[in-house]
Structure formats: structure tokens, C-alpha cells
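Visitor: Sharing a structure with you now.
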Amino acid sequence: MLSVVCPGSFDPVTNGHVDIIERASKLADQVYIAVMVNQNKHGLFPVERRVELLGESLEHLDNVSIETFSGLLVDYCQAREARAIVKGLRAVGDFDYELQMAQMNHRLTGVDTLFVATNPLYSFLSSSLIKEVVAFGGDIAGLVPAPVLEPLISALRSPERPG
Ligand code: PNS
Numbered sequence: 376m377l378s379v380v381c382p383g384s385f386d387p388v389t390n391g392h393v394d395i396i397e398r399a400s401k402l403a404d405q406v407y408i409a410v411m412v413n414q415n416k417h418g419l420f421p422v423e424r425r426v427e428l429l430g431e432s433l434e435h436l437d438n439v440s441i442e443t444f445s446g447l448l449v450d451y452c453q454a455r456e457a458r459a460i461v462k463g464l465r466a467v468g469d470f471d472y473e474l475q476m477a478q479m480n481h482r483l484t485g486v487d488t489l490f491v492a493t494n495p496l497y498s499f500l501s502s503s504l505i506k507e508v509v510a511f512g513g514d515i516a517g518l519v520p521a522p523v524l525e526p527l528i529s530a531l532r533s534p535e536r537p538g
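Residue numbers (our numbering): 376 to 538.
See the structure below:
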């Protein structure tokens, strides 16, 4: 039985993430989505809401579970007995940092990182770019899962939101 972990901030989940998770779910018996809590980074959505939006976006996959985790990713992998981390690589810009993390994680516990080449349809996508485009009124239909669209627009365009 092969279990893998797909980690990230998922603030919010995009169609690029969904594509990688769908492909991981075909490669592995069990996929754990780890929504990593970063104390130094204040996100748009609380982590619990990110988990809900991931759940609504991944309902069609029956070997995927979603959890939050605070701490080292390698400790989460050990707790779930996951033999590998699965990450998407969009372009060379991702490579340096991803390689550094993969090598550190391997040094820490021996866990391997498997890189999946992002679908070119989504290679320009990131959660931060999506938020910027939405905040200024751009159309992001087709770039985020349907359940994310309205919550994202309301969170970023509400009149109470400062700035
Ligand atoms: O979606 P992101 O923000 O690019 O994901 C980055 C993430 C959460 C996967 C990475 O920051 C991480 O693994 N954080 C957990 C803390 C940790 O293990 N740090 C050491 C990495 S070598």
C-alpha cells in the first residue's frame, strides 16, 4: 500500500492543485492532503475553511483525505506512514526552492519527493496571483474549482475589507 502526501497552503486551492492531486490519486493507494499551518503567514482563508473548500473540490476522489498540520512536513509523513511527498513543478522558477526542500526532507527522514510536471494549462497559476486578479475584478472562472469561486470573490471584494 503506497501512501503519499500532497502538502501546501491551499489559500485557496486552484485547478492546478486539483490536477496534481487527481494525478497523485491515480499513482498512490492513499493521498493525504496536508494543509500546513504557517504561524508567520496570515492567509486569506482560515485553515479550517481551506480544508472545507478542498473537501468540496475533491469530492470525486475517494482515496484522498484532508487534514491540517502544524510542524515539520516530514513528521506528518511519518505519522501517516507516507513514503513520498508529491509536488507539482510549474516551471524552472519553482525548481531551486523545491529541490532544496526535497533534499532537506530526504536528509531528515529519508522521505522522497516526487515531482509531477504541471499541466501547461495551469503552469502560470498560483494562489497569490489568483487573489490579486480577483481583488482587482478579473475573471478567474476555470482557474479555481467551482466551490471556491464565490467564497473567494466575497472574501476579496467585500466592502468591509480594508485597503
Ligand atoms: O503552498 P506552499 O505555501 O508553497 O507550501 C509550502 C509548504 C507548506 C509545503 C512548505 O512550506 C512546508 O513544507 N512547510 C512545513 C514546514 C517544514 O517542514 N519546513 C521545512 C521544509 S524543508
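Beta carbons: idealized from backbone N, C-alpha and C, even for Gly.
Computed from a prediction, not measured in an experiment: that's the story for all the values here.
Looking only at its chain, what residues have a beta carbon closer than 7 Å to the beta carbon of S498, apart from the 5 residues adjacent to it on each side?
Guide: R465, A466
Visitor: Looking at C-alpha atoms only, which residue of N413, Q478, Q414 is the closest neighbour of L489?
Guide: The shortest C-alpha separation from L489 is found at Q478.
Visitor: Check each candidate in G463, L448, H392 and name the one with the smallest Cα separation from E456.
Guide: L448
Visitor: Using C-beta distances below 6 Å, list every residue in its chain close to M376, excluding the 5 sequence neighbours before and after it, in chain order.
Guide: D404
Visitor: Is the separation between the beta-carbon of V406 and that of V422 shorter than 7 Å?
Guide: no
Visitor: With a cut-off of 8 Å on the beta carbons, I'd call P522 and S432 a contact; round off their distance for me.
Guide: Indeed they touch by this definition, with Cβ atoms about 6 Å apart.
Visitor: For V508, collect the residues of the same chain with a Cβ closer than 6 Å to its Cβ; drop the 5 residues on either side in sequence, then sort them by chain order.
Guide: I515
Visitor: Got a list of residues with beta-carbon closer than 5 Å to any non-hydrogen atom of the ligand PNS, in chain order?
Guide: Chain-ordered list of matching residues: P382, G383, S384, M411, L447, L448, M476, M479.
Visitor: Cα-Cα, which of R398, E434, S533 is closest to V379?
Guide: Nearest of R398, E434, S533 to V379, Cα basis: R398.
Visitor: Does the separation of the CB atoms of L428 and S400 fall below 7 Å?
Guide: no
Visitor: How close, in whole Å, do the beta carbons of V486 and A459 come, if the pair is a contact with beta carbons under 8 Å?
Guide: 7 Å
Visitor: For A409, collect the residues of the same chain with a Cβ closer than 8 Å to its Cβ; drop the 5 residues on either side in sequence, then sort them by chain order.
Guide: V380, C381, P382, G383, E442, T443, F444, L448, Y451
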